[in-house]
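Chains as they are written, first to last, in our numbering: chain A, 1453 to 1838; chain B, 29 to 325.
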């Protein structure tokens, strides 16, 4: 096949002197890349009888899969929920700027907005592969407007909605179509939510529970209908109660469909969630933790380091410290788990053979030294530049 | 035969690795002059491989002009199975060194015509000019490669059914599940290894002691196929103390007495060199001098 032949002629790059995250552990192994994908060097040696065309010394650094942020509302002055004529530029700017934080794929998130905004903005955010221009867009995360009034948080009350009788049509009318949509956050206690969840799931859209006052029973039913994610666990939902754990109880529920794993987003900035709460969730269900930034337009601006911009930078380093979990767990929560949530684990969020070569080079404090997308260097720290 | 007895596994591995390293350097391989090496698998040579990798990473040893021929491979096991000998060689050796993939030969246990694969292997060895140094191990049943008890001592590369002893010994690599262990393998013959210009057998551990005894203190016998090497002009057995437990005290004492000469090969430090008045000689020359003087069998 032509594609295969072209790839076979592409140069083989061997990243040496590094520790790679594979199979949940940091192994002293080299990472081999060809044609934008992770390559199996043993196969290359015995079948093609080839060696690397180029070797790059990683200085003993950690190589982890590129981070995937499934909840980010904007940044660097850009607000994804603003209906402008040129939403694309805003998305592109954020996509480029988050490369320095090791994010190689993301879901631009829209908060509760009026219909006009959805109709105008959604068509302007197509799914897009990453590259030197910026991180890849996996699809839009629509957080709202079908959420609880009581738990709306920072979402504008005027634009909240509930499902009308013909619920799914109402959803389509609200958003103006579901092309480019990857995740929808909704409150399952709203009437008719189950048919909506089923329809969205059938379309391959990830349904997330959040901004809700649902009890555990309602939440479990929502999962049985197809929901697989919880939006920023603990925030904008009923607190854990020992007689009704609410949505939080999904982490240890025994009434989930067999073989289904529930994922939960956490903003690990030490502010949205007390570190002790983060640790409880992690210990209860380590394989479901998905790190998100829920970053806002203020990210990276001015004294960004001390405002909400802190969330972004601190996520990787802070989690390993805050959660007391291993470096490997933290890295998986930022890469593998979001990929699994979106059903992309064959090509994203992993350094397994055949996966897209989206990865980050980290020092031992988990600061990003360099970012690669499809095997191409797309960002490099100042000191590292020649 | 030369019998080299070192105190423990690590020292035996290091000695063997140094020997191989020096042989390659002394040979002075180059563009039109490849050094051919026969290689084993299993737990015994792991230490030796680690040391060879170390010498390569230090810049002392290159495998650019070395051709290798492995002894055997399981039949029917996928090449990328973690227990295949291809995987073993890749993970424990090839991926750490600079050998040309075209020069690393391992039998293909999934070939459509297994005997043709074996014949082709023999042909490749011949075309490479024969093996300069064949490194091997010994099974608890005294086999060399997969030449199980009863194998012809003049056999060539062929398909063999594995003996129960071997299957039991290998079970530890397959989660202890006997049903998962391959029952057949392609292997070089006793005759194939005997054709090598020099043979080095690594034997470590008490569980190999009886086999070593049978191999060197009793007669040449096809039930203990390693014994065939009593009739090879240039064979060296490298062992640790534990592997000698079944030998006669007399045998061990005899070979230990001539050991100091061999220990110069790796334990010599600057001070000792000066004492011997040999401090001006580079290390490699010294070892070549020793090797040459020791090469009478």
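Beta carbons are placed, not taken as given, at the ideal position from N, Cα and C, and that holds for glycine.
Below 8 Å on the Cβ atoms is my guess for residue i versus residue j; work out the distance and round it to an integer in Å.
{"i": "residue 1587 (chain A)", "j": "residue 1557 (chain A)", "result": "6 Å"}
{"i": "residue 1807 (chain A)", "j": "residue 1489 (chain A)", "result": "7 Å"}
{"i": "residue 1484 (chain A)", "j": "residue 1466 (chain A)", "result": "5 Å"}
So, using beta-carbon positions, are residue i and residue j closer together than 8 Å?
{"i": "residue 1516 (chain A)", "j": "residue 1787 (chain A)", "result": "yes"}
{"i": "residue 227 (chain B)", "j": "residue 243 (chain B)", "result": "no"}
{"i": "residue 113 (chain B)", "j": "residue 69 (chain B)", "result": "yes"}
{"i": "residue 225 (chain B)", "j": "residue 160 (chain B)", "result": "yes"}
{"i": "residue 1637 (chain A)", "j": "residue 1607 (chain A)", "result": "no"}
{"i": "residue 1673 (chain A)", "j": "residue 1702 (chain A)", "result": "no"}
{"i": "residue 83 (chain B)", "j": "residue 57 (chain B)", "result": "no"}
{"i": "residue 98 (chain B)", "j": "residue 74 (chain B)", "result": "no"}
{"i": "residue 1577 (chain A)", "j": "residue 1664 (chain A)", "result": "no"}
{"i": "residue 1840 (chain A)", "j": "residue 1698 (chain A)", "result": "Absent from the structure is residue 1840 (chain A), since the part of chain A shown begins at 1453 and ends at 1838."}
So, does the CB of residue i fall closer than 8 Å to a CB anywhere in chain B?
{"i": "residue 1820 (chain A)", "result": "no"}
{"i": "residue 1835 (chain A)", "result": "no"}
{"i": "residue 1486 (chain A)", "result": "no"}
{"i": "residue 1464 (chain A)", "result": "no"}
{"i": "residue 1497 (chain A)", "result": "yes"}
{"i": "residue 1494 (chain A)", "result": "yes"}
{"i": "residue 1474 (chain A)", "result": "no"}
{"i": "residue 1503 (chain A)", "result": "yes"}
{"i": "residue 1772 (chain A)", "result": "Low confidence applies to residue 1772 (chain A): its pLDDT is 39, below 50, so where it sits in the model is not reliable, and the reading given next is rough at best. So no, residue 1772 (chain A) is outside the interface."}
Looking at C-alpha atoms only, which residue of the options is the closest neighbour of residue i?
{"i": "residue 1743 (chain A)", "options": "A:1735, A:1711, A:1565, A:1719", "result": "A:1719"}
{"i": "residue 265 (chain B)", "options": "B:129, B:42, B:230, B:96", "result": "B:230"}
{"i": "residue 1655 (chain A)", "options": "A:1567, A:1645, A:1522, A:1635", "result": "A:1635"}
{"i": "residue 170 (chain B)", "options": "B:120, B:277, B:59, B:250", "result": "B:250"}
{"i": "residue 1478 (chain A)", "options": "A:1784, A:1531, A:1827, A:1489", "result": "A:1784"}
{"i": "residue 1801 (chain A)", "options": "A:1554, A:1465, A:1530", "result": "A:1554"}
{"i": "residue 1694 (chain A)", "options": "A:1712, A:1668, A:1582", "result": "A:1668"}
{"i": "residue 274 (chain B)", "options": "B:168, B:197, B:73", "result": "B:168"}
{"i": "residue 178 (chain B)", "options": "B:142, B:256, B:86, B:222", "result": "B:256"}
{"i": "residue 147 (chain B)", "options": "B:88, B:192, B:220, B:104", "result": "B:220"}
{"i": "residue 141 (chain B)", "options": "B:165, B:164, B:129, B:104", "result": "B:104"}
{"i": "residue 1626 (chain A)", "options": "A:1640, A:1504, A:1596, A:1645", "result": "A:1596"}
{"i": "residue 1739 (chain A)", "options": "A:1699, A:1745, A:1747, A:1717", "result": "A:1717"}
{"i": "residue 1566 (chain A)", "options": "A:1560, A:1574, A:1803", "result": "A:1574"}
{"i": "residue 245 (chain B)", "options": "B:223, B:261, B:276", "result": "B:276"}
{"i": "residue 232 (chain B)", "options": "B:263, B:213, B:36", "result": "B:36"}
{"i": "residue 1568 (chain A)", "options": "A:1624, A:1585, A:1682, A:1476", "result": "A:1624"}
{"i": "residue 1700 (chain A)", "options": "A:1706, A:1709, A:1707, A:1689", "result": "A:1689"}
{"i": "residue 127 (chain B)", "options": "B:80, B:100, B:162, B:190", "result": "B:80"}
{"i": "residue 1571 (chain A)", "options": "A:1549, A:1812, A:1631", "result": "A:1631"}
{"i": "residue 77 (chain B)", "options": "B:122, B:144, B:131, B:30", "result": "B:122"}
{"i": "residue 131 (chain B)", "options": "B:95, B:143, B:189, B:198", "result": "B:95"}
Could you give the distance in angstroms between the alpha-carbon of residue i and the alpha-carbon of residue j?
{"i": "residue 295 (chain B)", "j": "residue 1833 (chain A)", "result": "Below a pLDDT of 50, predicted positions are generally treated as unreliable, and residue 295 (chain B), at 47, falls in that range; the measurement from the model is reported next regardless. Going from the Cα of residue 295 (chain B) to the Cα of residue 1833 (chain A) covers about 46 Å."}
{"i": "residue 49 (chain B)", "j": "residue 65 (chain B)", "result": "11 Å"}
{"i": "residue 1543 (chain A)", "j": "residue 1526 (chain A)", "result": "8 Å"}
{"i": "residue 1660 (chain A)", "j": "residue 1714 (chain A)", "result": "10 Å"}
{"i": "residue 138 (chain B)", "j": "residue 1498 (chain A)", "result": "13 Å"}
{"i": "residue 1823 (chain A)", "j": "residue 1486 (chain A)", "result": "16 Å"}
{"i": "residue 1795 (chain A)", "j": "residue 1533 (chain A)", "result": "26 Å"}
{"i": "residue 1628 (chain A)", "j": "residue 1538 (chain A)", "result": "18 Å"}
{"i": "residue 1603 (chain A)", "j": "residue 1521 (chain A)", "result": "23 Å"}
{"i": "residue 1726 (chain A)", "j": "residue 1611 (chain A)", "result": "30 Å"}
{"i": "residue 1791 (chain A)", "j": "residue 1797 (chain A)", "result": "5 Å"}
{"i": "residue 1535 (chain A)", "j": "residue 1462 (chain A)", "result": "42 Å"}
{"i": "residue 252 (chain B)", "j": "residue 1468 (chain A)", "result": "44 Å"}
{"i": "residue 194 (chain B)", "j": "residue 154 (chain B)", "result": "29 Å"}
{"i": "residue 173 (chain B)", "j": "residue 215 (chain B)", "result": "6 Å"}
{"i": "residue 314 (chain B)", "j": "residue 38 (chain B)", "result": "The predicted model places residue 314 (chain B) with a pLDDT of 48, which falls under 50 and marks its position as unreliable; any figure quoted below should be read in that light. C-alpha separation (whole angstroms): 23 Å."}
{"i": "residue 1712 (chain A)", "j": "residue 272 (chain B)", "result": "58 Å"}
{"i": "residue 1724 (chain A)", "j": "residue 1687 (chain A)", "result": "7 Å"}
Is there a C-beta anywhere in chain A that falls below 8 Å from the one on residue i?
{"i": "residue 261 (chain B)", "result": "no"}
{"i": "residue 344 (chain B)", "result": "Past the edges of chain B, shown from 29 to 325, lies residue 344 (chain B), and the structure says nothing about it."}
{"i": "residue 327 (chain B)", "result": "In the structure as shown, chain B begins at 29 and stops at 325. Residue 327 (chain B) is therefore absent and cannot be evaluated."}
{"i": "residue 115 (chain B)", "result": "yes"}
{"i": "residue 129 (chain B)", "result": "yes"}
{"i": "residue 108 (chain B)", "result": "yes"}
{"i": "residue 118 (chain B)", "result": "yes"}
Below 7 Å, is the gap between the Cβ of residue i and the nearest heavy atom of the ligand ATP?
{"i": "residue 1548 (chain A)", "result": "Of ligands this structure carries none, so the ligand ATP is not represented either."}
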